[in-house]
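Colleague:
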Amino acid sequence: MRSGQFTWQGQTISFRPGETIAAALAGAGIGDLGRDGAGAGLRYFCGIGACQSCLVRADGRIVEACLTPARDGAVIAALEPLA
Amino acid sequence: MSRPQEHRCDVLVVGGGTAGMAAAVELAATGIRVEICEQSARLGGAIHRQPADGSPAAGLPRALGAQWQRLSQSLAHADIVQRTRHIFLGIDSDGLALFEDRAAGTVRTVRAAAVVLAVGAVERIAPRPGWQLAGVTTAGGMQVMMKETGRVPSGRILIAGNGPLPIALAAQLTKLGNPPVAVIESGDPLRRPGAALGLIAHPHIASEALGHLARLAVAGVPWRRAAALTAIERRGETLFATIVDRGGRTTQIGVDWIALHDGIRCNAFGLPASGDAIDSRPLIVRAGDCREALGAIAAEADGRRAAHAVIAALRGGKIARDGSSRRVAGQRMAQALLSELFRPVNLANDPRHLADDTILCRCENKTVGDLRWLLGQEGLSPREIKLNGRFGMGACQGRFCADSVMAITAASRSASVPEDIEQLTGSRWPLRPVSIASLAATETPTADTNHPTE
Ligand code: FES
């Protein structure tokens, strides 16, 4: 497990070894994860993959930020453009 | 299209938390070939979420710390195939269990004689205006984040809801140096001496709770009982929580984070039904909180109980008795006492009182008003509520709205009320929205590729 950096909406975010995308974003003070197709707001909530409200696009795939380990060089984006 | 490669094992355990780990260890000890699949990157589940950097977990009550030692060490010495980042999609009509393997980006299929489902609990969160905002988490979600990162959220934190977990979270935050501004509790446990006395029979629970309360008292954290958080609003950087107290007076508190928790329930949404093996369909047994939400101590015993039931079915013979069922029954009594102790007396969070513009189903962005409008149409069936309103159809499969949809429907009397929650949420496949890329990858012909056999 290594530390590294990924980009969130173009912004560089550092993560510590083994951290999830959600943990790294929270560490960088980012809580608002944008909106999904239905217009509902996205954010970290349950932490266990149940609520599906932390979905992000990681290297093009839609995944739960709370379950997905951060990867060095990953490109992470909100499902819909942030307001 | 050819069939994806099938992998085989005797027993497949779905869920690598307390119950799943306990079941897997017990099964493997009899020589059964076990595979355990977990959705996140490490085993442990919500209770035993391990720090990301591999350092030992801290801050658990002693009984749970010992539980983790026991389970993780037994697992390390057992011959069990462990697969992480495997999202369970369901069991298809041919009896194959399907997973999305997130690390490989493919779908993995497993044929097993028996499947133990151990997918845990979810927290109950009563909808309140603003519960969907960023900065609002479940209390368990905040705990999981703290366990994983070793960091406490910075800024002002408010905890609200019902039951012992909010106090546990508050004590943990206090210990780590950022006590919450208050804990809002809809019950009034200090006025239920009968239930409190009953807990003397469960010294672990009683001493743990008293320890938490003592820590909060020393730190001066107010425990506002018979009070409810009824609304959240974001103004600039601050979340404003509206609190209704015992006498019906309303106050507002401005904070950075809000953690909500109104109890726990089985995470049985969309799960395949339990049942004996028929034709190609495996024996399916549920274990732990997804069978009955009784917490981690019960989950370990229930995992063993489920393993014994599977062993008896596969090998023949009687189900081994080792006191596991008795232990589960003991925890059932303890949980019943706790529910009585914490029975809500402030009913301001009753979903029938919610304003129309409150988000009810976050995944589909549907409000309480949308449901009431639907219920205004005469004589709707549960299926129509679901299909016409999309309630319980979103990505979370109704985990966070189905209970409230049921309560509001029951109160309206115009629609036929679903008898049980499955009528609303259904049992759907796949269990998770799965990426199309992964499904496509499954369909690669296997004839001309050399898959390593396992
Ligand atoms: S926070 Fe609920 S699924 Fe990630």
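Heads up: the protein sequence lines correspond to chains A and B, in order.
Here the numbering used here is used: the first residue of the first sequence is 3, the next is one more, and so on.
Here the numbering used here is used: the first residue of the second sequence is 106, the next is one more, and so on.
Glycine included, every Cβ here is placed at the ideal spot set by N, Cα and C.
May I have the straight-line CA-CA distance separating residue 171/B from residue 313/B, to the nearest angstrom?
Modeller: Here residue 171/B corresponds to residue number 66 of the second sequence, with the count starting at 1. Here residue 313/B corresponds to residue number 208 of the second sequence, with the count starting at 1. Using only the alpha carbons, I get a separation of about 15 Å.
Colleague: To be precise: take each residue of the stretch 9-37 of chain A, compare its Cβ to all Cβ atoms of chain B, and keep it if any distance is under 8 Å. Which residues remain?
Modeller: Result list: 18, 19, 20, 21, 22, 24, 25, 28, 29, 33, 34 and 35.
Colleague: Using DSSP with H/G/I as helix, E/B as strand and the rest coil, what is residue 466/B?
Modeller: Along the second sequence, read from residue 1 onward, the residue named residue 466/B stands at position 361. It is a strand residue.
Colleague: Could you name the residues of chain B that residue 71/A contacts, counting a contact when the two beta carbons are closer than 7 Å?
Modeller: For the purposes of this step, residue 71/A is taken as residue 69 along the first sequence, with counting starting at 1. Within 7 Å Cβ-Cβ: 146.
Colleague: Quick one: grab the DSSP three-state call for residue 413/B.
Modeller: Reading the second sequence from its first residue, position 308 is the one you call residue 413/B. Residue 413/B: helix per DSSP, three-state reduction.
Colleague: Tell me which same chain residues have a C-beta within less than 8 Å of the C-beta of residue 557/B, skipping the five on either side of it?
Modeller: Sequence index remark: in the second sequence, residue 557/B carries index 452 (1-based). Unreliable positioning characterises residue 557/B in this predicted model, as indicated by a pLDDT of 38, which lies under 50. The coordinate reading is nonetheless provided below. Excluding residues within five positions, none has a Cβ falling inside 8 Å.
Colleague: Pop quiz: residue 152/B and residue 123/B are said to be a contact at Cβ under 8 Å. What is the actual Cβ separation, rounded to whole angstroms?
Modeller: If you number the second sequence from 1, residue 152/B lands on position 47. If you number the second sequence from 1, residue 123/B lands on position 18. Contact flag correct, Cβ pair sits at about 6 Å.
Colleague: Please name the residue, chosen from 486/B, 371/B and 238/B, that lies closest to residue 223/B on a Cα-to-Cα basis.
Modeller: Working through the second sequence from its first residue, we reach residue 223/B at position 118. Of the candidates 486/B, 371/B and 238/B, the one whose C-alpha sits nearest the C-alpha of residue 223/B is 371/B.
Colleague: Taking only three categories from DSSP, how would you classify residue 457/B?
Modeller: Position 352 of the second sequence, counted from the start, is the residue given in the question as residue 457/B. Three-state DSSP puts residue 457/B in a helix.
Colleague: Which term fits residue 308/B, buried or exposed, when burial requires 16 or more other beta carbons within 10 angstroms of its beta carbon?
Modeller: The residue you call residue 308/B lines up with position 203 of the second sequence. Counting Cβ neighbours within 10 Å, residue 308/B comes out exposed, since fewer than 16 surround it.
Colleague: Does residue 234/B come out as helix, strand or coil in the three-state DSSP assignment?
Modeller: Locating residue 234/B in the second sequence gives position 129, counting from the first residue. Coil at residue 234/B, not helix or strand.
Colleague: Shorter than 8 Å, the distance from the beta carbon of residue 237/B to the closest heavy atom of the ligand FES, or not?
Modeller: Position 132 of the second sequence, counted from the start, is the residue given in the question as residue 237/B. No, the Cβ of residue 237/B stays beyond 8 Å of every heavy atom of the ligand FES.
Colleague: Would you tell me roughly how many angstroms separate the C-alpha atoms of residue 78/A and residue 26/A, rounded to the nearest one?
Modeller: Translated into positions along the first sequence, residue 78/A becomes position 76. Translated into positions along the first sequence, residue 26/A becomes position 24. Cα to Cα, residue 78/A sits roughly 12 Å from residue 26/A.
Colleague: Can you tell which of 325/B, 440/B and 362/B has the C-alpha that lies nearest to the C-alpha of residue 343/B?
Modeller: For the purposes of this step, residue 343/B is taken as the residue at position 238 of the second sequence. Nearest option by C-alpha distance: 362/B.
Colleague: I want to check one thing, is the minimum distance from the CB of residue 66/A to the heavy atoms of the ligand FES below 8 Å?
Modeller: Translated into positions along the first sequence, residue 66/A becomes position 64. Yes - the ligand FES has a heavy atom lying nearer than 8 Å to the Cβ of residue 66/A.
Colleague: Looking at the C-beta of residue 561/B, does it have a partner C-beta in chain A at a distance below 9 Å?
Modeller: Absent from the structure is residue 561/B, since the part of chain B shown begins at 106 and ends at 559.
Colleague: So what's residue 266/B in DSSP terms, helix, strand or just coil?
Modeller: Position 161 of the second sequence, counted from the start, is the residue given in the question as residue 266/B. Three-state result, residue 266/B: strand.
Colleague: Specify, as a first and last residue, the run of the beta strand (DSSP E) that residue 317/B falls within.
Modeller: Here residue 317/B is taken as the residue at index 212 of the second sequence, counted from 1. Taken as a continuous stretch (DSSP letters only), residue 317/B belongs to no beta strand (DSSP E), being part of the alpha helix (DSSP H) at 308-324.
Colleague: So if DSSP puts residue 337/B in a beta bridge, which residue, or which two residues, is it bridged to?
Modeller: Locating residue 337/B in the second sequence gives position 232, counting from the first residue. Answer is 346/B, bridged to residue 337/B.
Colleague: Measure from the alpha carbon of residue 40/A to the alpha carbon of each residue in 111/B, 500/B, 266/B and 328/B, then state which is nearest.
Modeller: Start at 1 with the first residue of the first sequence, and residue 40/A comes out as number 38. Selected option, being the one with the closest Cα: 500/B.
Colleague: In chain A, which residues lie with their C-beta within 8 Å of the C-beta of residue 238/B?
Modeller: Here residue 238/B is taken as the residue at index 133 of the second sequence, counted from 1. 43 and 45, listed in chain order.
Colleague: Do the stretch 245-258 of chain B and the stretch 270-290 of chain B touch if we need at least three Cβ pairs shorter than 8 Å?
Modeller: Cβ pair count under 8 Å is three or more, so yes.
Colleague: Check residue 294/B in the structure and name its three-state DSSP category.
Modeller: One-based indexing of the second sequence puts residue 294/B at position 189. If DSSP states are grouped into helix, strand and coil, residue 294/B belongs with the helices.
Colleague: Have a look at residue 117/B and residue 140/B and give me their C-alpha separation to the nearest angstrom.
Modeller: Position 12 of the second sequence, counted from the start, is the residue given in the question as residue 117/B. Position 35 of the second sequence, counted from the start, is the residue given in the question as residue 140/B. The straight-line gap from Cα to Cα measures roughly 5 Å.
Colleague: Would you say residue 246/B touches the ligand FES, meaning its beta carbon is less than 8 Å from a heavy atom?
Modeller: Taking the first residue of the second sequence as position 1, residue 246/B is located at position 141. Because some heavy atom of the ligand FES lies under 8 Å away, the Cβ of residue 246/B counts as near it: yes.
Colleague: What number of angstroms, rounded off, separates the C-alpha of residue 210/B from the C-alpha of residue 217/B?
Modeller: Taking the second sequence and counting its residues from 1, one reaches residue 210/B at position 105. Taking the second sequence and counting its residues from 1, one reaches residue 217/B at position 112. The straight-line gap from Cα to Cα measures roughly 22 Å.
Colleague: When DSSP labels each residue in this structure, what does residue 81/A get in the three-state scheme?
Modeller: In the first sequence, residue 81/A corresponds to position 79, counting from 1. DSSP places residue 81/A in coil when its eight states are reduced to three.
Colleague: Is the Cβ of residue 65/A closer than 9 Å to any Cβ of chain B?
Modeller: Against the first sequence, residue 65/A aligns to sequence position 63. By this cut-off, residue 65/A is an interface position.
Colleague: Of all the residues that make up the stretch 488-504 of chain B, which are near chain A by a beta-carbon distance shorter than 8 Å?
Modeller: The stretch 488-504 of chain B vs chain A, Cβ under 8 Å: 499, 500, 501 and 504.
Colleague: So what does DSSP say about residue 381/B, is it helix, strand or coil?
Modeller: Here residue 381/B refers to the residue found at position 276 of the second sequence. Looking at residue 381/B - three-state DSSP - the assignment turns out to be coil, as it is neither helix nor strand.
Colleague: Can you give the Cα-Cα distance for residue 146/B and residue 382/B, rounded to whole angstroms?
Modeller: Here residue 146/B refers to the residue found at position 41 of the second sequence. Here residue 382/B refers to the residue found at position 277 of the second sequence. Residue 146/B and residue 382/B: Cα-Cα distance of roughly 31 Å.
Colleague: What are the boundary residues of the alpha helix (DSSP H) that residue 153/B is part of?
Modeller: Start at 1 with the first residue of the second sequence, and residue 153/B comes out as number 48. Element bounds for residue 153/B: n/a, residue is neither H nor E.
Colleague: Is the distance from the Cβ of residue 451/B to the Cβ of residue 346/B below 9 Å?
Modeller: Looking up residue 451/B in the second sequence gives position 346. Looking up residue 346/B in the second sequence gives position 241. Contact: no.
Colleague: Which residues in the same chain as residue 157/B place their Cβ atom closer than 7 Å to its Cβ, once the five residues preceding and following it in sequence are excluded?
Modeller: On the second sequence, residue 157/B is found 52 positions in, with the first residue counted as 1. Here the set comprises 253 and 254.
Colleague: If you draw a straight line from the C-alpha of residue 427/B to the C-alpha of residue 417/B, how long is it?
Modeller: Here the question's residue 427/B lines up with position 322 in the second sequence. Here the question's residue 417/B lines up with position 312 in the second sequence. Cα to Cα, the separation comes out at about 14 Å.
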